[in-house]
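In the UniProt record's numbering, the protein residues as written are 1 to 265.
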């Protein structure tokens, strides 16, 4: 980690020092951290925000990954704010920018909520809704250790896939749980941030908890032999042969042999 980034993280930890305001989530592939803050919304109400930043190893030479969520905003509103913030971030390229971006969100949130269907915003969403071209299409396979609150968990995964325009499969076979995703690489990374930072399941005592036992089995650019999924579907299999057939049909037999077979105990 570069010294300017280390200093920025230290400064952020000192600024957001209230209860639960600051939490470092990961130091793998850069640094991922969460900031809980508030911004003025419509009718002068304070909107609580959860901001998750991913600083890649070459940050600030590149833009950070950003995820925005709030129980007071719709997913579409959060996506609109995120797009605006990423535009603003380009003005700070090559210099530490997280605190500036947080301030900018606090100062401007109400304007985005007041004009959700503005021409520029509508145009951006139309563009963002376009599916990625084949040369931009990525795929990843995730392994989950368990799902205690299965029905709720599945609905959350389906919603995230829909919001981020990802296709693929949620696969169950015995105790094996796999999530196969296809789509824009940035959207897949945002999905991973949501998966690791949101309370999607319950612990042994029934309390809501984050997903701590997820692993990325592989990530690759979609190749010519790989099937392009047109939707996100939930499927259950009664045997390993049925699961293997799904991967073979998708042109993923080699990846199945390398990464999935080892999960069978």
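C-beta atoms are modelled at their ideal positions from N, C-alpha and C, and glycine is treated no differently.
Start-to-end residues for the alpha helix (DSSP H) that takes in residue 163: 150–163
From 177, 167, 38, residue whose alpha carbon lies closest to that of residue 230: 167
Neighbour-count burial assignment, residue 81, 16 or more Cβ in a 10 Å radius: Classification of residue 81: buried, given that the 10 Å Cβ count is 16 or more.
Nearest residue (CA-CA) to residue 61, options 67, 97, 75: 97
Reduced DSSP category for residue 183 - H, G, I as helix; E, B as strand; rest coil: strand
Contact the segment 215–228 vs the segment 252–260: 3+ CB pairs below 8 Å: yes
Three-state class that DSSP yields for residue 118 in the structure shown: With a pLDDT of 40 at residue 118, under the threshold of 50, the modelled position of that residue is not reliable, and the figure given next carries that caveat. In the structure shown, residue 118 sits in coil (DSSP, three-state: anything other than H, G, I, E or B).
Same chain, Cβ closer than 8 Å to residue 63, five either side skipped, listed in chain order: 86, 89, 90, 93
Beta strand (DSSP E) runs contained entirely in the UniProt domain "RWD" (7–112), provided each spans 3 or more residues: Here the runs fully enclosed are 22–26, 31–40, 46–55, 65–69.
Neighbour flag for residue 52 against chain D, beta carbons, 8 Å: Considering every chain present, this structure includes no chain D. It has just one protein chain.
Integer Cβ distance of residue 28 from residue 50, believed to fall under 8 Å: The Cβ separation is near 21 Å, so there is no contact.
Limits of the unbroken beta strand (DSSP E) element including residue 199: Taken as a continuous stretch (DSSP letters only), the beta strand (DSSP E) holding residue 199 covers 199–202.
Whole-angstrom distance between residue 244 and residue 197, CA atom to CA atom: 31 Å
Contact the segment 198–206 vs the segment 165–183: 3+ CB pairs below 8 Å: no
As assigned by DSSP and simplified to three states, the class of residue 136: helix
Range covered by the alpha helix (DSSP H) that runs through residue 248: 240–249
Where the beta strand (DSSP E) containing residue 168 begins and where it ends: 167–173
Residue closest to residue 234, alpha-carbon to alpha-carbon, out of 250, 179, 255, 194: 179
Backbone secondary structure at residue 5 - three-state DSSP: helix
Same chain, Cβ closer than 6 Å to residue 251, neighbours up to 5 away in sequence not counted: 225, 226, 227
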